[in-house]
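Enquirer: My structure is below; once you've seen it, I'll send some questions.
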Amino acid sequence: MLRKGEPVTKRFLLCGASGVVGQALVPLLRKQGVEVRLVGRDVQRLAQLYPGCDVGSYDEISDLAAGCSLVVNLAARNNDQAGTQADFQTANVDHALEVMDLAKQAQVDRFVNFSSLHAATPEKSLYAASKARADEELTRSGGGFALSIRLAAIHGIAQQGKLRLLARLPRFLQFPLFALASALRPTVSVGTVAHFLATDAATWPDTVTELSDGQHSNLLFLAVKRTIDLVFALAVAILFFWLFAILWLAVRIDSPGPAIFAQTRVGRAGQAFVCYKFRTMAQGTTQRGTHEVGASSITRVGGFLRKSKLDELPQVLNILKNELSLVGPRPCLPVQSELIAERSRRGVLNVKPGITGLAQVHEIDMSTPKLLAQWDRRYVMQRSILSEISVVFATFLGRGQGDRIGS
C-alpha cells in the first residue's frame, strides 16, 4: 500500500521484483501514485523488502491482481547466469506464459513482460533466443493483451555486468565514461522504465516495443552524430561538385522542369522544412507518397537516380542546415497523416529525420505506415554510434531501394 496521504491512481502487480531492478523500480512507481502489490517465490523476502505492500506467492496471483490494471513480470534467467536451453526456456518463456494466463483470468487490463534488446539478435546467446521466443509466444497467445518491453541496459540501480565496472572508478571519471558507454550501447534509466509503466504501458499500440533513453540527453552521442553529418555533407559537396553539375544537366535535358525538386517534409517535432532532391518525376506529378505515384511518372534519368540513390545528394544542404541527419527516420509529406500519427504515438518525431535509416535498409517503406513507425521506434530506442555506422555501411552496400513506386 502507499504511504499515508499519497493518492492512489493505479494498482500494479509485480512478479519477481526481489532483484535489483525491482528494488529500484517499486519506490519510483509508488512516488507516481501507483499502489504496488508483489508476488514471488520467497514471500518472506518480499515482505522484508517492501514493508506495507501486499505480497504473496504465485498461487495468489488471482487474488492479488484483483483491481490491478497491470501485471508486470520481471522474473527472468538473465544473460549473466549459466544454464541450458531448457533452463532458459522454462524461466523466460514458459513462466511468462503461465503468468500471462493468470493475469488474463484476473481480468487485468494488460500483462507486461520485461524483455531485452538482445532479443533482436537471438542467434547470439541462449538468453537472447529465449527472450525472442517469449516475445513471439506472448504476441501469438496474448494478442494485444500482452506487451513485451525490450529494455536496454538499465542504469540507476545497483549496477550489474559491464556497467558495474564504472561504479568502481573515481567519481570524476564515472560520468564521461558512462556517456561513452551509453553512446556505444543503448541504456535506459530505471526512472524511464517506471514512467513508461505508469503512463504508457496500458495503452501502448504494439505488442512488442523497445525502451531506452534514446540518446536524447547524451551530449557525446549527439556531438559525434552531428560531426559525422557535417563531415559527410562537406565531403560530398567538395569532392563531388562535378557530379552535381553532371546530374543537374542530365535531369534538365531528360524532361521539362527544374533539376532540383524542393518539397515540404515533416521534420523533428513535426515542424515542416523544405527538402531538396534531384527531380525524378515528371513536372506536375501530384504530391503523394512515392508508393501512391504511378511508375509512369518516373522519368528515364529519374529511374537511374532513384535506383542509385543519387537523387538524395542535394539533401546535404538540409544536413548543413541541421534539418536532416545522415541516419534517421525518412521524412514524410505533411499529407501522410496516418504515418505522422503512428510516428507521433511512438515518439519518433522527437529525433531528426535522415537520408537513410534502419527501416529503409530493411526494405520497409511508407506503404506500410504502422510497420514503418514500429521500425522507426526501434531505431530511436536502439541508436548508438555503432548502429549509426552500421546503417551507413548497409546503405552503401546497396541494402534498401527506397519507397516502392505504385503500379
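According to my numbering, the sequence shown is numbered sequentially starting from 57. We put the CB at the ideal spot given by N, CA and C, even for glycine. Source: prediction; values computed, not measured.
Count the other CB atoms within 10 Å of the CB of W431; is the residue buried (16 or more) or exposed (fewer)?
Expert: The residue given as residue 431 occupies position 375 in the sequence shown. Buried is the call here.
Enquirer: Mapping DSSP to helix, strand and coil, what is V391?
Expert: Taking the first residue of the sequence shown as 1, we reach residue 391 at position 335. Reduced to three states, the DSSP call for V391 is coil.
Enquirer: I need the boundaries of the beta strand (DSSP E) containing T263, first residue and last residue.
Expert: By one-based count along the sequence shown, residue 263 stands at place 207. No beta strand (DSSP E) holds T263; DSSP gives it neither H nor E.
Enquirer: By the three-class DSSP mapping on this structure, what secondary structure does R399 have?
Expert: Within the sequence shown, the letter at position 343 stands for residue 399. Residue state, collapsed to three classes: helix.
Enquirer: Along the chain, which unbroken stretches of the beta strand (DSSP E) at least 3 residues long are found entirely within the segment 326-382?
Expert: Listed in chain order, they are 328-334.
Enquirer: Which class does N148 belong to by DSSP, given the choice of helix, strand or coil?
Expert: To locate residue 148, count along the sequence shown from 1; it is residue 92. In the structure shown, N148 sits in a helix (DSSP, three-state: H, G or I).
Enquirer: Could you name the residues of the same chain whose beta carbon sits closer than 8 Å to that of A325, not counting the 5 residues immediately before and after it, in chain order?
Expert: Here residue 325 refers to the residue found at position 269 when the sequence shown is read from its first residue. The answer, listed in chain order, is L405, N406.
Enquirer: Please determine if the segment 432-445 and the segment 268-276 are in contact, where contact requires at least 3 C-beta pairs separated by less than 8 Å.
Expert: Output reads yes: the segment 268-276 touches the segment 432-445.
Enquirer: Excluding five sequence neighbours on each side, which residues of the same chain lie with their C-beta closer than 6 Å to the C-beta of D367?
Expert: Within the sequence shown, numbered from 1, the residue matching residue 367 stands at position 311. Here the set comprises K333, F334, T336, L361.
Enquirer: Return the chain-ordered list of same chain residues with a C-beta closer than 7 Å to the C-beta of G547, the five sequence neighbours on each side being excluded.
Expert: With the chain running from 57 to 463 in the structure shown, residue 547 is simply not present.
Enquirer: Who are the near neighbours of V383 in its chain, counting only those whose CB is closer than 7 Å to its CB and skipping five residues on each side?
Expert: Here the question's residue 383 lines up with position 327 in the sequence shown. Cβ within range, chain order: G410, T412, G413, E444, V447, V448.
Enquirer: Identify which residue in V99, L69, K160 has its Cα closest to the Cα of L120.
Expert: Translated into the one-based positions of the sequence shown, residue 120 becomes position 64. Answer by Cα proximity: L69.
Enquirer: Among L158, P261, Q88, which has the Cα closest to the Cα of C71?
Expert: Looking up residue 71 in the sequence shown gives position 15. That would be L158, whose Cα lies nearest to the Cα of C71.
Enquirer: Who are the Cβ neighbours of V357 in its own chain at under 6 Å, not counting the five residues just before and after it?
Expert: The residue given as residue 357 occupies position 301 in the sequence shown. Counting only Cβ-Cβ distances below 6 Å, and skipping sequence neighbours, we find A306, V307, D310.
Enquirer: Put A142 into one of helix, strand or coil per three-state DSSP.
Expert: Counted from its first residue, the sequence shown places residue 142 at position 86. Reduced to three states, the DSSP call for A142 is helix.
Enquirer: Keeping to the same chain, check which residues put their C-beta closer than 7 Å to that of A122; ignore five residues upstream and five downstream.
Expert: What you label residue 122 is simply residue 66 of the sequence shown in a count that begins at 1. Taken in chain order, the residues that qualify are A162.
Enquirer: Tell me the DSSP bridge mates of R67?
Expert: On the sequence shown, position 11 is the one that residue 67 refers to. E91, per the DSSP bridge assignment.
Enquirer: Please classify Q319: does DSSP put it in a helix, a strand, or coil?
Expert: Working through the sequence shown from its first residue, we reach residue 319 at position 263. In the structure shown, Q319 sits in a strand (DSSP, three-state: E or B).
Enquirer: Let me check understanding here. Comparing Cα to Cα, which of P314, V391, L290 lies closest to V372?
Expert: Here residue 372 is taken as the residue at index 316 of the sequence shown, counted from 1. Answer by Cα proximity: L290.
Enquirer: Report the residue ranges of all alpha helix (DSSP H) runs contained in full by the segment 88-138; include only those spanning at least 4 residues, in chain order.
Expert: Counting only runs of 4 or more, we get 99-105, 117-120.
Enquirer: Grab me the residues of L527's own chain with a C-beta within less than 8 Å of its C-beta, minus the 5 sequence neighbours each way, in chain order.
Expert: As displayed, the chain neither begins before 57 nor continues past 463, which places residue 527 out of reach and without an answer.
Enquirer: Short of 7 Å in beta carbon distance, which residues of its chain neighbour P472, apart from the five on each side in sequence? Order them along the chain.
Expert: Only positions 57 to 463 of the chain appear in the structure, and residue 472 is not among them; the question remains open.
Enquirer: I need the DSSP call for R433, collapsed to helix, strand or coil.
Expert: Mapped onto the sequence shown, residue 433 falls at position 377. Looking at R433 - three-state DSSP - the assignment turns out to be helix.
Enquirer: Please work out which residues of its chain come closer than 6 Å, Cβ to Cβ, to D165, disregarding the five sequence neighbours upstream and downstream, and give them in chain order.
Expert: Along the sequence shown, read from residue 1 onward, the residue named residue 165 stands at position 109. Cβ within range, chain order: S125, A258.
Enquirer: Does DSSP put M57 in a helix, in a strand, or in coil?
Expert: The count along the sequence shown starts at 1 and reaches residue 57 at position 1. Its pLDDT being 44, under 50, M57 is placed unreliably by the model, and nothing is read from it.
Enquirer: If we ignore side chains and look at the alpha-carbon of each, how far apart do M57 and G454 end up?
Expert: Along the sequence shown, one-based indexing puts residue 57 at 1. Along the sequence shown, one-based indexing puts residue 454 at 398. Any answer about M57 is weak, because its pLDDT of 44 lies below 50 and its placement is not dependable; what the coordinates show is given next. Their Cα atoms are separated by approximately 57 Å.
Enquirer: Give a yes or no on whether the C-beta atoms belonging to T263 and A202 are separated by under 9 Å.
Expert: The sequence position of residue 263 within the sequence shown is 207, counting from 1. The sequence position of residue 202 within the sequence shown is 146, counting from 1. Yes, these two residues count as a Cβ contact at 9 Å.
Enquirer: Which residues in the same chain as P178 place their Cβ atom closer than 8 Å to its Cβ, once the five residues preceding and following it in sequence are excluded?
Expert: As a working mapping, residue 178 is identified with position 122 in the sequence shown. Only A184, A185, K187, A188, R189 meet the Cβ criterion.
Enquirer: Assuming A239 contacts I441 (C-beta within less than 8 Å), just tell me the rounded distance between them.
Expert: Position 183 of the sequence shown holds residue 239. Position 385 of the sequence shown holds residue 441. With 8 Å as the limit, A239 and I441 qualify as a contact, their Cβ atoms being about 5 Å apart.
Enquirer: Short of 7 Å in beta carbon distance, which residues of its chain neighbour L490, apart from the five on each side in sequence? Order them along the chain.
Expert: Since the displayed the chain opens at 57 and closes at 463, residue 490 lies outside it and no answer follows.
Enquirer: Alpha carbon to alpha carbon, how far is L376 from Q327? Give it in angstroms, no decimals.
Expert: Along the sequence shown, one-based indexing puts residue 327 at 271. Along the sequence shown, one-based indexing puts residue 376 at 320. The alpha-carbon atoms of Q327 and L376 are separated by roughly 17 Å.
Enquirer: Are the CB atoms of F329 and E379 within a distance shorter than 9 Å?
Expert: Here residue 379 refers to the residue found at position 323 when the sequence shown is read from its first residue. Here residue 329 refers to the residue found at position 273 when the sequence shown is read from its first residue. Closer than 9 Å, so yes.
Enquirer: From this set, L94, C109, G75, which residue's C-alpha is nearest I117's C-alpha?
Expert: Position 61 of the sequence shown holds residue 117. Taking only the C-alpha atoms, the option nearest I117 is L94.
Enquirer: Which partner residues of V206 appear in the DSSP bridge assignment?
Expert: The residue you call residue 206 lines up with position 150 of the sequence shown. One point to set straight first is that residue 206 is Arg, not Val, in the sequence displayed. DSSP lists S171, E266 as partners of R206.
Enquirer: Alpha carbon to alpha carbon, how far is G340 from S423? Give it in angstroms, no decimals.
Expert: Here the question's residue 423 lines up with position 367 in the sequence shown. Here the question's residue 340 lines up with position 284 in the sequence shown. The alpha-carbon atoms of S423 and G340 are separated by roughly 22 Å.
Enquirer: Looking only at its own chain, which residues have a Cβ that is under 8 Å from the Cβ of L286, when we skip the five neighbours before and after it?
Expert: Here residue 286 is taken as the residue at index 230 of the sequence shown, counted from 1. Cβ neighbours of L286 beyond the five flanking positions: I375, L376.
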